[in-house]
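Some notes on the structure that comes next.
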Amino acid sequence: MKQIPSNSVQVIITSPPYNLGKEYESTLTIDKYVNGFNKIIKEMNRILNNNGSICWQVGNYIQNSSKNASIIPLDYIFYTMFNELGYKLRNRIIWSYGHGLHSHKRLSGRYETINWFTKSDNYVFNLDNVRVHQKYPGKRSYRGNNKGKPSGNISGKNPTDFWSEDEIIFKELETDVWKNIPNVKGNHIEKTEHPCQYPIILVSRLVRLLSNMNHLIFDPFVGSGATLVGAIMNGRRAAGAEIHSSYYKIALHNLKKFNVGDLKIREDRPLYKPDKNMRVARIPKEWLKNT
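Everything in the sequence shown is counted per the working numbering, starting at 1238 for the first residue and increasing by one.
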């Protein structure tokens, strides 16, 4: 990161190690684990511009591996570190997925969090870039000054801060939750040898929401390169750091394949088709005049 000029990055999107004893990390006490990020986060603060954002995606730390293990939510620990540097938490985005490790003494954990921080109150926020289609666009206001008029936004609705498994990957259609961003496991077409990838489509939405064309996106824990691909596919510039040579090679391979149009990325598929016989499922005539 010392090679990155100060104030030059628009968005930092990353998923750091969770201290779970994966092949790329050593298991530490929770205090040593967290303190190890002090220098990294301070350097992130240096390179991020004043209008920029940080998306810090983490899960839960499992305190021990026995059946009686307790969990520690990492996002609240890191919140303190960013808050001390003056960052404001704008959303605690919940990414929910349908597949993961099974538990026997507690409910199976099937979510992670993305803490979205901004460096100042003057930040890029392109809500129209990520709006989802209305499930019932024909709904109308039944009182007030807008009585009888369509109650929704013609550009779509706010996707909210709960991204569950049935929606982003499915063309961002007809729902108010961030759905079906499956974790990259098993037969997922983006799967590489990296044990903890996140899907490119997850990064893509964050990139479109929090940056503009040609902005620089940075990932201090590149891994398989999902952040870099998600940035480039949306017309942004990308940079990152990775200390493991094997993962660096995977990320470089993915970038090269993307640049020649040969990288497999999970495609959008239609999820929900409302019954057009239902009045509230029809597009309002007023909106049709504007299209």
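Where a beta carbon is used, it is the ideal one built from N, C-alpha and C, also for glycine. These numbers were taken from a predicted model, which means no experiment stands behind them.
Based on the DSSP output, what are the partners of residue 1456 in its beta bridges?
When DSSP reads this structure, residue 1456 sits in a beta bridge with 1477.
Taking only three categories from DSSP, how would you classify residue 1333?
strand
Determine whether the beta carbon atoms of residue 1298 and residue 1277 lie at a separation below 8 angstroms.
no
Rounded straight-line distance, which links the Cα of residue 1462 to that of residue 1252
11 angstroms
Residue 1245 vs residue 1453 beta-carbon contact at 8 angstroms
yes
So, under 8 angstroms CB-CB, residue 1331 and residue 1400 are touching, yes? Tell me the CB distance rounded to an integer number of Å.
7 angstroms
Which residue marks the beginning of the beta strand (DSSP E) containing residue 1354, and which one marks its end?
It spans 1348-1355 - the beta strand (DSSP E) in which residue 1354 sits, taken as one unbroken run.
Under 8 angstroms, do residue 1352 and residue 1288 count as touching if we go by C-beta distance?
Cβ atoms of residue 1352 and residue 1288: not closer than 8 angstroms.
Exposed or buried, residue 1281, counting other C-beta atoms within 10 Å across all chains shown (16 or more means buried)?
buried
Using the beta-carbon count (16 or more within 10 Å), is residue 1294 buried or exposed?
With a 10 Å radius around the Cβ and a threshold of 16 neighbouring Cβ atoms, residue 1294 comes out buried.
Could you have a look at residue 1242 and say whether DSSP puts it in helix, strand or coil?
coil
Contact check, residue 1388 vs residue 1365, beta carbons under 8 angstroms:
no
How would you label residue 1523, buried or exposed, when you count the other beta carbons within 10 angstroms and need 16 or more for buried?
exposed
Less than 8 angstroms between the beta carbons of residue 1374 and residue 1521, yes or no?
Yes, the pair counts as a contact, with Cβ atoms nearer than the cut-off.
Taking residue 1355 as the reference, give the member of 1316, 1370, 1368, 1346 with the closest Cα.
1316
Per DSSP, residue 1277 is paired with what?
According to DSSP, which records beta bridges pairwise, residue 1277 is partnered with nothing at all.
Give the secondary structure of residue 1381 by DSSP, where H, G and I count as helix, E and B as strand, and everything else as coil.
coil
Secondary structure at residue 1319, three-state DSSP: helix, strand or coil?
Three-state DSSP puts residue 1319 in a helix.
Tell me whether residue 1491 is buried or exposed, calling it buried when 16 or more other Cβ atoms sit within 10 Å of its Cβ.
buried
Let me confirm a value: residue 1507 is counted as buried when at least 16 other C-beta atoms fall within 10 Å, else exposed. Which label applies?
Only weak support is given to the placement of residue 1507: the predicted model assigns it a pLDDT of 43, under 50, and the value that follows is read from those uncertain coordinates. Label assigned to residue 1507: exposed.
In the DSSP output, what is residue 1308 paired with across the bridge?
Secondary-structure assignment with DSSP links residue 1308 through a beta bridge to 1299.
Under the three-state reduction of DSSP, which class applies to residue 1395: helix, strand or coil?
coil
So what's residue 1425 in DSSP terms, helix, strand or just coil?
Because residue 1425 carries a pLDDT of 43, less than 50, the predicted location of this residue cannot be relied on, and the following value inherits that uncertainty. Looking at residue 1425 - three-state DSSP - the assignment turns out to be coil, as it is neither helix nor strand.
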